[in-house]
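Colleague: A single structure is presented below for examination.
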Amino acid sequence: MGKQKQIGKNSKSKTKTESKSPVLLALPPEIRNHIWKLVFETGIIHLFSLSYSNTAVVKSLGASLLKTSRMLGVCSNFHHDHQPRQTIFAINGSSGPGPLSWLRTNRQIYNEAKSFVQGNLSFHFCNTLVFDAFLSQQQKAIFSLSTCQSLSLCLKIRIESDYRDGFSFARDRNAHGWDGLHSRYASRRALVDEAKNLLPVLRELKLHIFFVCKQAQGPRLGQVYRQKDPAKLFCVDNPRKVEAFINRFCDVRPLNILRMAKLDAVSVQFETDAMEHYTVPSVDDRCWCIGRTVDESSLLKIKLGKRIEERLMDLSKKESGADDL
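Right, here's the structure in full:
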C-alpha cells in the first residue's frame with residue numbers, strides 16, 4: 407500500500423511538471439518558425455498618438471497589431487486624430503503588453519522569432535503627426551527604421567460633387583494625401599534627412615485610400631441631401647484630368663519622400679463602402695457626402711489603382727537610379 411501511494415504521488419508530481427512546460431516550445435522548430443512568420447504576414451503594427459506637447463508634436467506613440475483583413479474599418483477612427491489615445495502599450499519606453507510583448511516571454515522565443523519580426527515588420531500610419539514622430543524619436547532596436555521593409559499608409563483623395571451622382575478629383579495638390587499643416591518638417595530635404603535610415607531598406611509600400619468630400623460644398627438649393635438608397639458616385643473627369651490628378655497624387659507628402667526608396671512592390675486598395683466627411687460630422691450636417699458611396703467599377707474603368715502603382719514604381723526607379731549615379 408505504501409509503494410502504491412508513493413507511485414501515485416510521483417505520477418501526480420510528474421503530471422504537474424509536464425503541464426508547466428510550454429506547449430509552444432514543445433512543437434517542432436519547423437512549425438514554430440511557421441507560426442512566427444504567420445503572425446506578421448497577416449497583421450501590421452498600427453502606430454497612433456498617445457500624448458502631444460504644447461506645440462502639437464506627438465510626444466509618445468501607441469501601437470497595436472492590426473489585421474490586414476479589417477484594416478480600413480478599424481483605422482478610419484484615426485483619420486481625424488487630433489486627440490491622444492488611451493492604450494496599454496507605448497513603443498518609446500513604457501511597460502505593458504503590446505503587439506510584440508510576446509517576444510519577451512521567453513529567451514528562446516525571442517532568439518527564434520526576432521529574425522522573422524525584423525524581416526516582416528510593417529508599420530501602418532494614418533496621419534503626418536504620427537509619421538513625423540516615428541521618424542524623429544529614439545526607438546528600441548526591435549522597432550528600428552533600419553529593419554522596416556514595408557510601410558502601410560492611409561491616404562485621402564478629396565473629391566468634388568457635380569451635384570448629381572458624379573464626382574471630380576480636387577485640383578489642389580494639398581487636398582490629397584495627408585494634412586501637412588502641422589508637420590514639424592518645413593522642407594522636403596529636412597524630411598529626407600530624417601528618413602535616411604528608412605529609405606535604404608524600404609521595399610514595399612501599401613496604400614489604403616479613402617475618399618473625402620470637399621469642405622463647404624453643400625447640396626444644391628432644393629435638393630434632397632439625405633436620399634434614401636442614393637446611387638453610387640462615379641468619376642466624371644476626362645482622361646487628361648485623371649492623368650493630371652495621378653501626377654499630383656504621387657507627389658503628395660509622404661509619397662514624394664518614400665518613392666525615393668528602391669521599391670519592389672506598390673499596392674493600392676480603395677475604401678469605397680463609405681465616404682468620409684472633411685471633419686467629424688455633426689447631426690445637422692447638410693453635406694452632399696452623407697450616405698454616399700463610390701462606385702468601384704468606375705475606378706476600375708479608369709484603372710486608377712493600377713496607374714498609381716505604376717507611376718510610383720516608375721518614379722522609384724528613376725529617383726533611386728539617379729542616386730546611384
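Numbering (my numbering), first residue to last: 407 to 731.
Note that the Cβ used here is the ideal one computed from N, Cα and C, for glycine as well.
List the whole-angstrom C-beta distance separating Q675 from V607, where the pair is believed to meet the contact cut-off of C-beta under 8 angstroms.
Modeller: Sequence index remark: in the sequence shown, residue 675 carries index 269 (1-based). Sequence index remark: in the sequence shown, residue 607 carries index 201 (1-based). Not quite, the Cβ-Cβ distance comes to about 23 angstroms (not below 8 angstroms), so this is no contact.
Colleague: Specify the secondary structure class of I663 as computed by DSSP and reduced to three states.
Modeller: Locating residue 663 in the sequence shown gives position 257, where the first residue counts as 1. The answer is helix: DSSP assigns I663 an H, G or I state.
Colleague: Can you look up V658 in the DSSP assignment and give me helix, strand or coil?
Modeller: Translated into the one-based positions of the sequence shown, residue 658 becomes position 252. Three-state result, V658: coil.
Colleague: What does the alpha-carbon distance come out to for the pair P435 and S521?
Modeller: On the sequence shown, residue 435 is found 29 positions in, with the first residue counted as 1. On the sequence shown, residue 521 is found 115 positions in, with the first residue counted as 1. Whole-angstrom Cα-Cα distance: 14 angstroms.
Colleague: Contact between the segment 647-657 and the segment 574-588 is defined here as three or more beta-carbon pairs at a separation below 8 angstroms; is this criterion met?
Modeller: Judged by Cβ distances under 8 angstroms, the segment 647-657 makes contact with the segment 574-588, as three or more pairs qualify.
Colleague: Pull up the DSSP beta-bridge partners for A671, would you.
Modeller: Position 265 of the sequence shown, counted from the first residue, corresponds to residue 671. BP columns for A671 point to E610.
Colleague: Only counting the same chain, and skipping five residues up and downstream in sequence, which positions put a Cβ closer than 6 angstroms to that of L430?
Modeller: The residue given as residue 430 occupies position 24 in the sequence shown. None.
Colleague: If you follow the alpha helix (DSSP H) that I515 is part of, which residue opens it and which one closes it?
Modeller: Residue 515 sits at position 109 when you count from the first residue of the sequence shown. From DSSP, the alpha helix (DSSP H) with I515 extends over R513 to N526.
Colleague: Assuming contact is defined by CB atoms lying nearer than 8 angstroms, are L721 and R665 in contact in what I supplied?
Modeller: The sequence position of residue 721 within the sequence shown is 315, counting from 1. The sequence position of residue 665 within the sequence shown is 259, counting from 1. Cβ distance < 8 angstroms, so L721 and R665 count as in contact.
Colleague: CB P660 to CB G697, shorter than 8 angstroms?
Modeller: Your numbering for residue 660 matches position 254 in the sequence shown. Your numbering for residue 697 matches position 291 in the sequence shown. No; because the gap between Cβ atoms is not below 8 angstroms, this pair is not in contact.
Colleague: So, V672 versus L718, is the Cβ gap smaller than 8 angstroms?
Modeller: The residue labelled residue 672 in the question sits at position 266 within the sequence shown. The residue labelled residue 718 in the question sits at position 312 within the sequence shown. Their beta carbons are under 8 angstroms apart, which means V672 touches L718 by this criterion.
Colleague: Would a C-beta distance cut-off of 8 angstroms place R570 and K620 closer than the cut-off?
Modeller: The residue you call residue 570 lines up with position 164 of the sequence shown. The residue you call residue 620 lines up with position 214 of the sequence shown. Not closer than 8 angstroms, so no.
Colleague: Taking the alpha carbon of L509 as the point to measure from, which residue in I441, S466 and T699 has its own alpha carbon closest?
Modeller: Along the sequence shown, one-based indexing puts residue 509 at 103. If we check each option's Cα against that of L509, I441 comes out closest.
Colleague: When you compare only the Cα positions, how much space is there between G711 and R513?
Modeller: Here the question's residue 711 lines up with position 305 in the sequence shown. Here the question's residue 513 lines up with position 107 in the sequence shown. Near 44 angstroms, if we compare the C-alpha coordinates of R513 and G711.
Colleague: I696 by DSSP, collapsed to three states: which one?
Modeller: Taking the first residue of the sequence shown as position 1, residue 696 is located at position 290. Here I696 sits in coil by DSSP.
Colleague: Going by DSSP, name the residue or residues bridged to F575.
Modeller: Start at 1 with the first residue of the sequence shown, and residue 575 comes out as number 169. Partner(s): I565.
Colleague: Does the beta-carbon of S528 have 16 or more other beta-carbons within 10 angstroms, so that it is buried, or is it exposed?
Modeller: One-based indexing of the sequence shown puts residue 528 at position 122. Flag for S528 reads buried.
Colleague: Can you find the residues in the same chain that come closer than 8 angstroms, C-beta to C-beta, to L541, ignoring five residues on each side of it along the sequence?
Modeller: Here residue 541 corresponds to residue number 135 of the sequence shown, with the count starting at 1. Same-chain partners within the cutoff: L551, L597, E600, A601 and L604.
Colleague: Would you mind sorting D538 into buried or exposed? The rule is 16 or more other CB atoms within 10 Å of its CB.
Modeller: Locating residue 538 in the sequence shown gives position 132, where the first residue counts as 1. The residue in question, D538, is buried, as its Cβ has 16 or more Cβ neighbours within 10 Å.
Colleague: Using DSSP's beta-bridge definition, name the partner residues of C619.
Modeller: As a working mapping, residue 619 is identified with position 213 in the sequence shown. Its beta-bridge partners are I565.
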